[in-house]
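For reference, the structure is listed below as structure tokens.
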Amino acid sequence: MIKSILEFGLTRSAIIVLGLMVFCAAGLVAFTRLNVEAYPNPAPVILEITAQAPGLSAEEMEKYYTIPMEVGLYPTPGVVNIRSTSFYGLSFVRVTFKYGIDYYFAL
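Position 92 (the sequence shown) corresponds to 95 in the numbering used here; numbering is contiguous.
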């Protein structure tokens, strides 16, 4: 088996050289299109929103602040999940975007 492969390579060297040139050209094209960042960011974009309304109960915070924010942020492109918590006078909404979304477009 190995002998037949060696015979093919030695007798048809033009095909081997042509294949090597095509392989090197494809590698050069792939290298020029490679995206390289100096400091890559491996974490997804996370947007955290805090709303304060002193004197409102947790149920009122959810009704007047948390749910409207969730409904408004849900159709944003690239949203993976939305988590929220409502406390006495405070509402926290955390929106996670899929990997690759730019911070500029997430806001």
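Yeah, the Cβ is synthetic: ideal placement off N, Cα and C, and Gly gets one too. No experiment lies behind these values; they were computed from the predicted model shown.
Comparing C-alpha positions only, which one of V20, I8, P47 and A17 sits nearest to F105?
Per the sequence presented here, residue 105 reads as Asp, with Phe not at that position. The option with the nearest alpha carbon to D105 is P47.
Excluding five sequence neighbours on each side, which residues of the same chain lie with their C-beta closer than 6 Å to the C-beta of K101?
So the qualifying residues of the chain are G81 and V83.
Taking the continuous alpha helix (DSSP H) assigned at V25, which residues delimit it?
Start and end: S16 to T35.
Taking the C-alpha atoms as reference points, what is the distance between G58 and P71?
Distance between the alpha carbons of G58 and P71: 19 Å.
How would you call T53, buried or exposed, if buried means at least 16 neighbouring beta carbons within 10 angstroms?
With fewer than 16 Cβ atoms within 10 Å of its Cβ, T53 is classed as exposed.
Give me whichever residues DSSP pairs with A46 in a beta bridge.
Answer is none; A46 lacks a bridge partner.
Terminal residues of the continuous alpha helix (DSSP H) containing V74?
Its alpha helix (DSSP H) spans residues I70 to L76.
Under 8 Å, do A56 and Y68 count as touching if we go by C-beta distance?
Cβ distance < 8 Å, so A56 and Y68 count as in contact.
Around the Cβ of S7, are there at least 16 other Cβ atoms within 10 angstroms (buried) or fewer (exposed)?
So S7 ends up on the exposed side.
Might you give, ordered along the chain, the residues of its own chain that have their beta carbon closer than 8 Å to the beta carbon of L24, omitting 5 neighbours on each side?
Looking at the sequence provided, one finds Met at residue 24 rather than Leu. Correct list: empty, nothing qualifies.
Give the single residue among L9, S87, L37 and A61 whose Cα lies nearest to the Cα of I49.
Ranking the options by Cα distance to I49, first place goes to S87.
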